[in-house]
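For reference, the structure is listed below as structure tokens.
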Amino acid sequence: MNYFKTLTSTTLVLFFSVLMMIPFATTVAQDSGNAASNQGLLEEIIVTARKREENLMDIPESVVAISGLNIDRQNIKSLEDVGLLVPSLNLSARADGFPNVSMRGLGSFGNTQGVGFYLDDVQVFSDASSRFGDMERIEVLKGPQGTLYGGSNIGGAIKFVSARPDPDEFSGRVKALVGEQSIMDIEASMNIPMANGWAMRAFAFSNENDGYLKNRNTARVNGLSTTNDPNVGASEEDGLRLSMAGPVNDNLSAYFAVRYNDYEGPNNVWIRDLDKNELSHSNIVDTTQNPRHIRETVSAMLELTWEMDGMDVMFITSHTDTDSTRYTDLDIREEYLLDLIRPEDMKVSTQEIRFTSTDDGPVKVVGRNLLFKV
604 MNYFKTLTST TLVLFFSVLM MIPFATTVAQ DSGNAASNQG LLEEIIVTAR KREENLMDIP
664 ESVVAISGLN IDRQNIKSLE DVGLLVPSLN LSARADGFPN VSMRGLGSFG NTQGVGFYLD
724 DVQVFSDASS RFGDMERIEV LKGPQGTLYG GSNIGGAIKF VSARPDPDEF SGRVKALVGE
784 QSIMDIEASM NIPMANGWAM RAFAFSNEND GYLKNRNTAR VNGLSTTNDP NVGASEEDGL
844 RLSMAGPVND NLSAYFAVRY NDYEGPNNVW IRDLDKNELS HSNIVDTTQN PRHIRETVSA
904 MLELTWEMDG MDVMFITSHT DTDSTRYTDL DIREEYLLDL IRPEDMKVST QEIRFTSTDD
964 GPVKVVGRNL LFKV
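Rendered as structure tokens:
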């Protein structure tokens, strides 16, 4: 999938160029509920933790919702940021880019998921630690979720709900951050109304960081070649998501989204050199290579919703293709002894059909059938 790299670079340049032409007034557009929030009024928080739209206060379960406004205000961009905000949740990305999460003592480590990650109701298996961005909200469901989300979610579920295209308003925004260690972080989003109630939304980002650790080994002890890049902890990630939504007819609506993510970062734990003068560990490591995790993901999903009398029928289909290679220095020393290369190609397809009652009676029904192939 290397041809996507050239395509993404070109697309990002064009995307940012178009955003520069948007009037400044549109860059400060906020959600319709922001005004009420700024005035100190209580805002109704709608979540879909139980596969239907409900007020957060009406759900008899432990659910934490982080709104899009708070995501922007608190600059939430990574798994670690989410973990710092939610009680009883320990969430981080491992050195190889895979997530480690525990919720109330139960969790998942790497690809073994005891807590499920979801993006727009599609479970994410291969790149849950990716940066998604342009979120409407993040929902954290605590406790076993096997009934509605599958038996593997014994610890809970974390749902990323992306902002949907808005047919009523044209808007866009750009954010940039520059710092030490060659940090450069740029993200942008754009909402474009179209005809007949349809709209399109785009989000893109680029992040670079040289990291803190330095690798001083410029040549392997046994003479084999090695990298000359000293930034052993450097990372680079680029992403793009395009979505479109609108009515097909009076009863049928559609939502389509495609995303691309390209990540390269560290893939190891290291033994840092001991500073004998200060009796502390320095930022210097000495390995035979710069252990790397290179990952490329392409994903697409289609959601169709048919509104009937007293019931909604939803069909969701998705396909995700992830190519990754991990280079690991197992002996963590300057000698070329135990170096491991692990290529991995993961393809995941899912199909879900869901029936949700919409009446106001005392009994509410949700039924779903999910098929997935890995």
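In this text, residue positions in the sequence shown follow the working numbering: the first is 604, and each later residue adds one. The C-beta atom is built at its ideal place from N, Cα and C for all residues, glycine as well.
What residue does the beta strand (DSSP E) around residue i start on, and which one ends it?
{"i": "D841", "result": "S838 to P850"}
{"i": "V685", "result": "Where V685 is concerned, there is no enclosing beta strand (DSSP E), although the alpha helix (DSSP H) it sits in stretches over L682 to L688."}
{"i": "T961", "result": "First-last for T961: undefined, no H or E at that position."}
{"i": "R971", "result": "V969 to K976"}
{"i": "L761", "result": "Rather than Leu, the amino acid found at residue 761 in this sequence is Ile. Unbroken beta strand (DSSP E) run through I761: G759 to S765."}
{"i": "S785", "result": "Taken as a continuous stretch (DSSP letters only), S785 belongs to no beta strand (DSSP E), as it is neither H nor E."}
Quick one: residues in its chain with C-beta nearer than 6 Å to the C-beta of residue i, no 5 flanking neighbours on either side, listed in chain order?
{"i": "G758", "result": "M706, L709, G710, G717 and V718"}
{"i": "F627", "result": "In this predicted model, F627 has a pLDDT of only 34, less than 50, meaning its place in the structure is not dependable enough to derive any value."}
{"i": "S792", "result": "D737, R776 and F806"}
{"i": "D948", "result": "D926"}
{"i": "D813", "result": "Q784, S785, N834 and A837"}
{"i": "I944", "result": "Y930"}
{"i": "S856", "result": "P850 and T908"}
{"i": "L905", "result": "F859 and T920"}
{"i": "G800", "result": "P770, G849 and P850"}
{"i": "L933", "result": "L941 and L943"}
{"i": "L974", "result": "Q954"}
{"i": "F808", "result": "G736, E790 and G842"}
{"i": "N641", "result": "For N641, the predicted model reports a pLDDT of 48, less than 50, meaning its position is unreliable; a value from the coordinates is still stated below. Contacts found: none."}
{"i": "I956", "result": "F918 and N972"}
{"i": "R655", "result": "T959"}
{"i": "P946", "result": "T928"}
Which residues mark the beginning and the end of the alpha helix (DSSP H) in which residue i is found?
{"i": "D915", "result": "D915 -> not in any alpha helix (DSSP H); beta strand (DSSP E) instead, spanning M914 to D932."}
{"i": "R676", "result": "G671 to R676"}
{"i": "G719", "result": "Counting along the chain, G719 falls outside any alpha helix (DSSP H), though it belongs to the beta strand (DSSP E) covering V718 to L722."}
{"i": "L751", "result": "G749 to Y752"}
Does DSSP classify residue i as helix, strand or coil?
{"i": "M660", "result": "helix"}
{"i": "N834", "result": "coil"}
{"i": "N799", "result": "helix"}
{"i": "V650", "result": "strand"}
{"i": "P869", "result": "strand"}
{"i": "P702", "result": "strand"}
{"i": "E772", "result": "coil"}
{"i": "P894", "result": "coil"}
{"i": "D948", "result": "strand"}
{"i": "F569", "result": "Residue 569 is absent from the structure shown; the chain starts at 604 and stops at 977."}
{"i": "F808", "result": "strand"}
{"i": "D942", "result": "strand"}
{"i": "S792", "result": "strand"}
{"i": "Y815", "result": "coil"}
{"i": "R697", "result": "coil"}
{"i": "F859", "result": "strand"}
{"i": "I625", "result": "Caution is warranted here: a pLDDT of 46 is assigned to I625, below 50, making its placement in the model unreliable, and no coordinate value can be reported."}
{"i": "S755", "result": "coil"}
{"i": "G746", "result": "coil"}
{"i": "G710", "result": "strand"}
{"i": "N864", "result": "strand"}
{"i": "S729", "result": "coil"}
{"i": "R655", "result": "coil"}
{"i": "S902", "result": "strand"}
{"i": "I887", "result": "strand"}
{"i": "I679", "result": "coil"}
Find out if the Cβ-Cβ distance for the pair residue i, residue j is shorter than 8 Å.
{"i": "A860", "j": "L843", "result": "no"}
{"i": "A779", "j": "I789", "result": "yes"}
{"i": "T953", "j": "M914", "result": "no"}
{"i": "V666", "j": "D723", "result": "no"}
{"i": "L692", "j": "V725", "result": "no"}
{"i": "N893", "j": "V835", "result": "yes"}
{"i": "Y858", "j": "V901", "result": "no"}
{"i": "L680", "j": "R734", "result": "Reading off the sequence shown, one finds Lys at residue 680, where the question assumed Leu. Taking 8 Å as the Cβ cut-off, K680 and R734 qualify as a contacting pair."}
{"i": "R653", "j": "I662", "result": "yes"}
{"i": "V685", "j": "I741", "result": "yes"}
{"i": "I669", "j": "L688", "result": "yes"}
{"i": "V969", "j": "T959", "result": "yes"}
{"i": "N854", "j": "E910", "result": "yes"}
{"i": "R804", "j": "A766", "result": "yes"}
{"i": "A802", "j": "P768", "result": "yes"}
Quick one: residues in its chain with C-beta nearer than 7 Å to the C-beta of residue i, no 5 flanking neighbours on either side, listed in chain order?
{"i": "Y752", "result": "G719 and A760"}
{"i": "D730", "result": "N864, R898, T900 and T925"}
{"i": "T629", "result": "Its pLDDT being 34, under 50, T629 is placed unreliably by the model, and the measurement read from it follows with that caveat. Same-chain partners within the cutoff: F773, S774 and G775."}
{"i": "L690", "result": "The sequence shown places Pro at residue 690, rather than the Leu named in the question. Same-chain partners within the cutoff: there are none."}
Excluding five sequence neighbours on each side, which residues of the same chain lie with their C-beta closer than 8 Å to the C-beta of residue i?
{"i": "V977", "result": "F728, M949, K950 and V951"}
{"i": "Y815", "result": "Q784, G836 and N886"}
{"i": "N678", "result": "D684"}
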